[in-house]
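Colleague: Structure incoming, see below.
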């Protein structure tokens with residue numbers, strides 16, 4: 202029965218012009234996106250296409266889907282076509298669930314069409330990139346260092362960053378252990394450095410860096426001298442065989458010349474296993490994006506069981522936008538709190554809290570906290586950051602997103618069915 | 078077993094305003110008992126509570142007090158809806174669908190198997206005379222065509238109880254007659270029909286019993302013939318009588334203290350005249 206309502210809803214929507222306009226506009230934006238001016242980096246166009254798709258096209262589609270899903274029930278109630286359905290042996294819960302399922306199917310269709318166009322366009326552009334810039338098309342699993350230390354002398358420490366002078370006075374060491382258990386058979390390995398580089402010589406944009414990769418078990422070490430550019434990550438491939446022997450590797454780095462410096466922390470060297478390609482990671486990203494659609498559809502349909510079409514649209518949009526700025530909502534309450542707590546750090550004019558501010562804080566602090574708890578956190582569905590860094594979206598991340606969506610959508614469905622069950626049709 | 082098709086006990090509906098204050102009494106203490114297999118007319122002026130009664134029976138509204146049963150089930154029981162057909166006051170249909178699609182959708186809601194659904198759809202479209210237009214979107218249908226497809230959807234599940242709200246509104250006399258014949262067919266098939274209508278002639282012709290509502294209160298309920306019969310007036314319908322004979326009969330009646338109210342030739346109804354002319358022109 203749910204599928205019958207879903208199929209009917211789907212059929213109704215795909216015959217609407219707004220959907221055709223939405224898909225057409227989405228395709229147009231995807232086609233235009235590689236031509237948007239950006240930086241000179243070779244992979245900048247690919248990144249731009251991803252950013253435009255996930256931030257502009259997806260946003261437009263979500264607004265369109267909100268518009269359609271928030272108006273469907275109110276329109277049926279308004280033109281009284283709902284009578285025909287309510288007089289049949291269909292529970293109101295199934296009507297609501299059918300509506301949500303119908304719009305979820307619609308979202309799948311829209312995401313498949315636009316996602317296919319986007320991925321084909323990205324593959325076309327990326328195929329022309331030099332090999333070293335195709336890391337964006339990878340799906341890498343990240344491993345953080347299990348141990349970090351500096352052997353020898355640290356030149357100085359500033360803001361938590363240890364600076365090492367070149368000439369072997371100090372060596373940064375990152376250890377990665379238990380890799381044998383964590384790595385899949387067919388994966389390859391690479392290490393990425395995000396070091397801070399400084400040089401006392403003028404007009405230098407790269408320094409020679411001595412990098413050692415050591416098999417901790419066998420004690421074998423492979424050392425190479427690489428050119429590390431300022432403000433650019435440095436990626437080095439690692440022989441997969443080295444891990445097979447012991448499962449633990451040590452990676453060392455220091456500047457070759459005494460005039461050069463590197464600033465390091467435990468987070469600056471990351472080991473990646475490159476397992477699967479971009480497509481599988483992109484599909485996961487689309488899956489997570491679909492969950493975002495599903496959640497806002499459920500919220501929009503829930504609102505529409507009680508509210509009129511325009512109010513339902515506005516409320517769903519507000520929830521969607523607020524769901525992206527939950528940190529701001531929380532911070533907003535803290536901003537007012539800080540006036541009291543950190544009085545000494547404030548300019549004199551604010552030292553004595555205004556009684557009005559205190560009163561406002563008292564009034565809005567708790568409600569804002571509750572709002573930030575109640576509102577859905579749409580930022581957790583942000584999969585763009587993974588694609589831009591070429592990092593594999595783990596199944597754990599997908600699973601948590603699925604669980605969060607299921608829980609939130611389940612609660613919304615329950616509330617919607619209770620409201621709709623109590624609703625009368627005059 | 079409850080032999081009633083519809084039974085209500087003290088059914089009352091009071092509309093309340095935003096502040097939950099009593100606003101309008103749409104229906105007050107309605108007690109109905111409609112037998113299975115009868116055609117029951119629900120009459121009343123606008124705002125009399127007819128549609129409110131139907132909506133309460135269908136669960137579109139909830140009673141303020143009182144209860145109702147349909148075919149032996151409580152009207153809130155979802156199971157009973159599979160045995161009910163409903164044609165609303167206006168043809169509230171999905172205009173983006175065509176006749177086949179809309180009947181298929183409603184058929185699916187009744188969980189009718191695919192092959193049976195297809196057979197029923199074909200038959201219903203044929204019966205309501207929309208076969209040539211079955212693929213045309215309902216947005217292009219006239220009001221009469223919408224009414225016909227509305228009626229078809231109301232009986233897609235072969236219901237035991239059919240609730241028809243103004244079934245002949247917007248229909249020409251021929252289509253209107255066809256619908257009335259269809260309703261009489263329902264009776265022959267043993268179905269119960271509740272007919273809400275403003276067209277009193279329609280109700281008089283086809284209903285077994287009627288109830289008249291006004292301002293939400295049941296004014297009268299009973300057999301149509303009994304309600305309409307005037308016990309103190311006697312009507313003779315005689316053929317081939319000369320003027321002298323008529324005068325003689327009149328004199329005889331007066332001699333027996335009877336009052337002759339009128340002597341005239343009975344007129345055919347306008348509907349009968351219209352149908353006869355259309356039939357002749359064919």
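Protein chains in written order, with this note's numbering: chain A, 202 to 627; chain B, 78 to 359. Cβ atoms here follow ideal geometry from the backbone N, Cα and C, with glycine treated the same way.
Hey, does residue 236 of chain B have any beta-carbon neighbour from chain A nearer than 8 angstroms?
Modeller: Output row for residue 236 of chain B: interface = no.
Colleague: Is the CB of residue 219 of chain B under 8 angstroms away from at least one CB in chain A?
Modeller: With 8 angstroms as the cut-off, residue 219 of chain B does not count as an interface residue toward chain A.
Colleague: Considering only the alpha carbon of each residue, which of A/226, A/471, A/602, A/372 lies closest to residue 319 of chain A?
Modeller: It is A/226 whose Cα lies nearest to the Cα of residue 319 of chain A.
Colleague: Name the DSSP beta bridge partners of residue 596 of chain A, please?
Modeller: DSSP lists no partner for residue 596 of chain A.
Colleague: Considering only the beta carbon of each residue, do residue 163 of chain B and residue 272 of chain B sit closer than 8 angstroms?
Modeller: Not in contact: residue 163 of chain B and residue 272 of chain B (Cβ atoms no closer than 8 angstroms).
Colleague: Please give the ranges of any alpha helix (DSSP H) in the region 81–137 of chain B, keeping only runs that are unbroken, at least 4 residues long and fully inside the region.
Modeller: Listed in chain order, the complete alpha helix (DSSP H) runs (minimum 4 residues) inside the region 81–137 of chain B are 127–135.
Colleague: Tell me residue 146 of chain B's beta-bridge partners as DSSP assigns them.
Modeller: DSSP, once it has assigned bridges, lists B/84, B/151 as partnering residue 146 of chain B.
Colleague: Three Cβ pairs or more, each shorter than 8 angstroms: is that satisfied between the region 418–426 of chain A and the region 462–472 of chain A?
Modeller: No, the region 418–426 of chain A does not touch the region 462–472 of chain A.
Colleague: Does the distance from the CB of residue 372 of chain A to the CB of residue 455 of chain A come in under 8 angstroms?
Modeller: In contact: residue 372 of chain A and residue 455 of chain A (Cβ atoms closer than 8 angstroms).
Colleague: For a contact meaning CB atoms closer than 9 angstroms, what does residue 279 of chain A contact in chain B?
Modeller: Within chain B, no residue comes near residue 279 of chain A; the closest Cβ sits about 10 angstroms away, beyond 9 angstroms.
Colleague: For residue 287 of chain A, which residues in chain B fall below 8 angstroms Cβ to Cβ?
Modeller: Simply 135, 136, 137.
Colleague: Checking 8 angstroms against the spacing of the C-beta atoms, do residue 326 of chain A and residue 202 of chain A come in under that value?
Modeller: No. Outside cutoff.
Colleague: Taking contact to mean 3 or more Cβ pairs, one atom from each stretch, closer than 8 angstroms, check whether the region 86–103 of chain B and the region 227–247 of chain B are in contact.
Modeller: As far as the Cβ criterion goes, the region 86–103 of chain B does not touch the region 227–247 of chain B, which means the pair count is below three.
Colleague: Ordered along the chain, which non-local residues of its own chain (more than five positions away) have a Cβ less than 8 angstroms from that of residue 262 of chain A?
Modeller: Taken in chain order, the residues that qualify are 223, 227, 308, 311, 312, 315, 494.
Colleague: Using a beta-carbon distance below 8 angstroms, is residue 117 of chain B in contact with chain A?
Modeller: No, residue 117 of chain B does not count as interfacial toward chain A.
Colleague: So residue 506 of chain A packs on residue 214 of chain A, CB below 8 angstroms; how close in whole Å?
Modeller: Actually they do not touch by this definition, with Cβ atoms about 18 angstroms apart.
Colleague: Tell me the DSSP secondary structure of residue 353 of chain A in three-state form.
Modeller: Three-state result, residue 353 of chain A: strand.
Colleague: Helix or strand or just coil, what does DSSP make of residue 230 of chain B?
Modeller: Correct three-state label for residue 230 of chain B: helix.
Colleague: Quick check on DSSP: helix, strand or coil for residue 214 of chain B?
Modeller: Note: residue 214 of chain B maps to strand in three-state DSSP.
Colleague: Compare the Cα-Cα distances from residue 278 of chain B to each of B/294, B/291, B/322, B/305 and report the closest residue.
Modeller: It is B/305 whose Cα lies nearest to the Cα of residue 278 of chain B.
Colleague: So is residue 367 of chain A buried or exposed if we call it buried at 16+ other beta carbons inside 10 Å?
Modeller: Buried, because 16 or more other Cβ atoms sit within 10 Å of the Cβ of residue 367 of chain A.
Colleague: Kindly identify the DSSP beta-bridge partner or partners of residue 474 of chain A.
Modeller: DSSP output for residue 474 of chain A lists A/342, A/390 as bridge partner(s).
Colleague: Which of helix, strand or coil does DSSP assign to residue 205 of chain B?
Modeller: It is coil, neither helix nor strand.
Colleague: Quick one: what's residue 462 of chain A bridged to in DSSP?
Modeller: According to DSSP, which records beta bridges pairwise, residue 462 of chain A is partnered with A/366, A/399.
Colleague: Name the chain B residues that come within less than 7 angstroms of residue 209 of chain A, Cβ to Cβ?
Modeller: Going along chain B in sequence order, the residues near residue 209 of chain A (Cβ under 7 angstroms) are 182.
Colleague: For residue 393 of chain A, which option in A/517, A/268, A/207, A/427 has the closest C-alpha, if you only look at C-alpha atoms?
Modeller: If we check each option's Cα against that of residue 393 of chain A, A/427 comes out closest.
Colleague: The beta strand (DSSP E) spanning residue 282 of chain B covers which residue range?
Modeller: It is not in any beta strand (DSSP E) - residue 282 of chain B instead sits in the alpha helix (DSSP H) that spans 277–283.
Colleague: Measure the alpha-carbon distance for residue 343 of chain A versus residue 248 of chain A and round it to whole angstroms.
Modeller: Distance between the alpha carbons of residue 343 of chain A and residue 248 of chain A is about 20 angstroms.
Colleague: Buried or exposed: where does residue 529 of chain A fall if 16 or more other Cβ atoms within 10 Å of its Cβ makes it buried?
Modeller: When all chains shown are included, residue 529 of chain A counts as exposed.
Colleague: Closer than 9 angstroms between beta carbons: that is the criterion. Which residues of the region 182–203 of chain B meet it against chain A?
Modeller: Answer set for the region 182–203 of chain B: 182, 183, 185, 186, 187, 188.
Colleague: Tell me the residue span of the beta strand (DSSP E) that contains residue 377 of chain A.
Modeller: Note, residue 377 of chain A: beta strand (DSSP E), 371–377.
Colleague: By how many angstroms is the C-alpha of residue 135 of chain B removed from the C-alpha of residue 146 of chain B?
Modeller: Whole-angstrom Cα-Cα distance: 10 angstroms.
Colleague: Pop quiz: residue 229 of chain B and residue 259 of chain B are said to be a contact at Cβ under 8 angstroms. What is the actual Cβ separation, rounded to whole angstroms?
Modeller: The Cβ separation is near 10 angstroms, so there is no contact.
Colleague: Under the rule that 16 or more other beta-carbon atoms within 10 Å means buried, what is residue 415 of chain A, buried or exposed?
Modeller: Buried.
Colleague: When you compare each of B/238, B/264, B/104, B/192 to residue 149 of chain B by their alpha carbons, which one comes out closest?
Modeller: Selected option, being the one with the closest Cα: B/238.
Colleague: Using a C-beta cutoff of 8 angstroms, does residue 210 of chain B count as contacting chain A?
Modeller: Chain A contact via Cβ: absent.
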